[in-house]
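I have placed the structure first, in the form of structure tokens, so that the comments after it can refer back to it.
Residue numbers (the working numbering), protein chains in the order written: chain B, 1 to 341; chain V, 1001 to 1389.
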């Protein structure tokens, strides 16, 4: 099989490429140039490209760099900025998977005649008894990345290979060390790749003028001010520069009035979450289906019932920040995802 | 170079001429001397360096003392543009810099640096055919212009620039300006001494004409002051400090001499190959389009586009079949950038992204053209077919 491996310059995709090569596939490596701005972290710096190139050379694989910086800006960075400005909390890594890796790159791989696209994500693609393709959690529960792939559809799963999904991170590093790969002990990137050391707020402020506004209690009493809603996320506790004594959380962010509402943990609880942009990895999830829902990359899944466009929790849960992705699972199988409204 | 490769990227770098390799080897293997020293070993190096300087001067229509060896064409451009403009400001109080929108980054980045230092920097327009608009350039000149920089041959398109008309306009309107040309891409194709007659500063690079990477040269006409970029031991008349790359200079000179002596024969032969390649591709892909003024084009360049095909993708598939070509210019990561050259011509984005550069050189053969013609139309057709599911 002719496989295009997306190589970020990290250890997981390095080993993914090595495994596919050793299985006898015709493997080509590609690294995406995604961000033209200044960033000292993440997946698109020159040194990461160089790591990927060197690993590919060590494995005797052809390697290319695709410049998707414009698409990345238009489809990931700009929506990210607009989303925060609107008082929402976007997940740019998921948007990148949807529109860049399994969008632009996936299309290009097909056009070029590759049979599959592979990545180093810790998730598994399996086949059901009826032949349907399934997306499941990675074998290493601590490193599972199925959440960030939950937006993939059946068309995308059809030509996707996830070679390290069956391995633990320790296995991956051992394998990389055994092959003598320079990425064997490389640290993982944890941050949004285009955010610089200055942090999210300064990144956003360089692009959108922040509007100062009020911080109010749930009864409308003003208890402080802020320099812009982009610094607040529903559910956030840290960084609230107000002295109230009790534990306080952001319970609402209203961008048009630049108002941030804070309240007690109880004020944050909701019995349901409404989702938009709903996708499914296979057949659409039937209304009335019992699911486990995960609302952040490493959050604990919580049970609920899916009703077509909303999820009703079995027990009330803290409000999901608008813009966040909610992934729906049946045990370790990803059913689909939607974005909290 | 591997026999398996069809190398159509001579504009990026040429294979070294065997004579140039032979000429440099003794200075790697046998002669340790520093040309600035005062003993027998140093004298060997010094003699070879000065002979190389004489050769370069003769071919470029300059005097030996007007040749400064550098570490690259980009370094030569930086020295000419920044060093020339700064000296003109320091001695004559001039503050204008005029260049063109499609220069090599070695010139453009240097000009942008000068802009941050307070110079007025302007970029002359490029015609849709890929040549500098001399009227537009002339309109940007005045008696405070410190430096004018116009390339001899555009590296992407291969279009030969009207340097004579540029020189005339500059002497008329900006008599005190230093006049520089980045002739890096011109050497294999045109007699630079003639093309750049009347220019004060001329930059070349060894690896574009069968010499080694890592060595360039700058003609600095007598009386043209330059502020040094690299300061130190006073080598190269104080304009470019650092021990000169003797082996590189010797090889550059050897390759330059051969390129010059064989230019008529080689360009005639290469033009036939290029024309056959162009005609064959246009016949096989009727809607393909050629970029740049073909009446003023080097014998080796073929810059063309295939509607509906992304050049980045095309180049990967060609590479997988052993054909080396390029699009745009490469950034540090190796990704293809949107070509500022094609943008400067007013080419729309879609056509720019569909365009590739096939560049032939002295090492190109009939077999290379045969291979390219056998390969490219099929790959283009594959990329245009609906994607498999």
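For each residue, glycine too, the CB sits at the ideal point set by N, CA and C.
Compare the C-beta of residue i with all C-beta atoms of chain B and state if any pair is closer than 8 Å.
i, result
"residue 1383 of chain V", "yes"
"residue 1320 of chain V", "yes"
"residue 1236 of chain V", "no"
"residue 1348 of chain V", "no"
"residue 1002 of chain V", "In this prediction, residue 1002 of chain V scores a pLDDT of 49, lower than 50, which makes its location untrustworthy; no coordinate-derived value is stated."
"residue 1156 of chain V", "no"
"residue 1121 of chain V", "no"
"residue 1313 of chain V", "yes"
"residue 1360 of chain V", "no"
"residue 1317 of chain V", "yes"
Can you tell me whether residue i is helix, strand or coil according to DSSP?
i, result
"residue 363 of chain B", "As displayed, chain B neither begins before 1 nor continues past 341, which places residue 363 of chain B out of reach and without an answer."
"residue 1180 of chain V", "strand"
"residue 1078 of chain V", "helix"
"residue 1339 of chain V", "coil"
"residue 246 of chain B", "coil"
"residue 1207 of chain V", "helix"
"residue 58 of chain B", "helix"
"residue 1200 of chain V", "coil"
"residue 1034 of chain V", "coil"
"residue 64 of chain B", "strand"
Measure from the C-beta of residue i to each C-beta in chain V and report whether the shortest distance is under 8 Å.
i, result
"residue 62 of chain B", "yes"
"residue 67 of chain B", "yes"
"residue 43 of chain B", "Because residue 43 of chain B sits at a pLDDT of 45, beneath the cut-off of 50, its placement in the model cannot be relied upon, and the following sentence gives the value as read from the coordinates. False, the Cβ-Cβ gap to chain V never drops below 8 Å."
"residue 156 of chain B", "no"
"residue 21 of chain B", "no"
"residue 175 of chain B", "no"
"residue 54 of chain B", "no"
"residue 108 of chain B", "yes"
Looking at the secondary structure, which residues open and close the alpha helix (DSSP H) in which residue i lies?
i, result
"residue 2 of chain B", "Careful: residue 2 of chain B lies outside any alpha helix (DSSP H), inside the beta strand (DSSP E) at 2 to 6."
"residue 1058 of chain V", "1040 to 1060"
"residue 19 of chain B", "11 to 22"
"residue 146 of chain B", "146 to 149"
"residue 1173 of chain V", "1163 to 1173"
"residue 156 of chain B", "154 to 158"
"residue 1021 of chain V", "1018 to 1029"
Can you check whether the CB of residue j is closer than 8 Å to the CB of residue i?
i, j, result
"residue 1052 of chain V", "residue 1187 of chain V", "no"
"residue 183 of chain B", "residue 51 of chain B", "yes"
"residue 11 of chain B", "residue 176 of chain B", "yes"
"residue 1352 of chain V", "residue 1339 of chain V", "yes"
"residue 1303 of chain V", "residue 1160 of chain V", "no"
"residue 319 of chain B", "residue 270 of chain B", "yes"
"residue 1129 of chain V", "residue 1178 of chain V", "no"
"residue 168 of chain B", "residue 129 of chain B", "no"
"residue 97 of chain B", "residue 149 of chain B", "yes"
"residue 208 of chain B", "residue 76 of chain B", "no"
"residue 1373 of chain V", "residue 1225 of chain V", "no"
"residue 157 of chain B", "residue 146 of chain B", "no"
"residue 1104 of chain V", "residue 1034 of chain V", "no"
"residue 1032 of chain V", "residue 1022 of chain V", "no"
"residue 1211 of chain V", "residue 1255 of chain V", "yes"
"residue 1305 of chain V", "residue 1288 of chain V", "yes"
"residue 346 of chain B", "residue 293 of chain B", "With chain B covering 1 to 341 only, the question about residue 346 of chain B has no answer from this structure."
"residue 79 of chain B", "residue 28 of chain B", "no"
"residue 1292 of chain V", "residue 1157 of chain V", "yes"
"residue 3 of chain B", "residue 31 of chain B", "no"
Let's see if you can read the secondary structure: which residues bound the beta strand (DSSP E) around residue i?
i, result
"residue 1106 of chain V", "Looking at the DSSP string, residue 1106 of chain V is not in any beta strand (DSSP E); the run it does join, the alpha helix (DSSP H), is 1105 to 1116."
"residue 1301 of chain V", "1301 to 1305"
"residue 259 of chain B", "259 to 263"
"residue 217 of chain B", "213 to 217"
"residue 269 of chain B", "269 to 280"
"residue 1096 of chain V", "1096 to 1100"
"residue 1122 of chain V", "1120 to 1124"
"residue 1390 of chain V", "Lying outside 1001 to 1389, the shown extent of chain V, residue 1390 of chain V is not represented and no answer is given."
"residue 1356 of chain V", "1355 to 1359"
Segment contact flag, the stretch 15 to 23 of chain B with the stretch 157 to 172 of chain B, C-beta cutoff 8 Å, min 3 pairs: In short, these stretches touch, since the Cβ pair count reaches three.
Cβ contact (3+ pairs, closer than 8 Å) linking the stretch 1228 to 1237 of chain V and the stretch 1370 to 1385 of chain V: no
Stretch-stretch touch, CB-based, cutoff 8 Å, three pairs: the stretch 1271 to 1282 of chain V with the stretch 1135 to 1153 of chain V: no
Contact list for the stretch 112 to 135 of chain B against chain A, Cβ threshold 8 Å: Chain labels in this structure do not include chain A; the protein chains are B and V.
Given 8 Å, three or more beta-carbon pairs between the stretch 182 to 200 of chain B and the stretch 1019 to 1037 of chain V: no
Inter-stretch contact (C-beta, 8 Å, three-pair minimum) for the stretch 1352 to 1372 of chain V and the stretch 78 to 87 of chain B: no
Inter-stretch contact (C-beta, 8 Å, three-pair minimum) for the stretch 246 to 259 of chain B and the stretch 103 to 120 of chain B: Taking 8 Å as the limit for Cβ pairs, the verdict is that the stretch 103 to 120 of chain B does not touch the stretch 246 to 259 of chain B.
Inter-stretch contact at 8 Å, needing at least 3 Cβ pairs: the stretch 1190 to 1203 of chain V / the stretch 1076 to 1085 of chain V: yes
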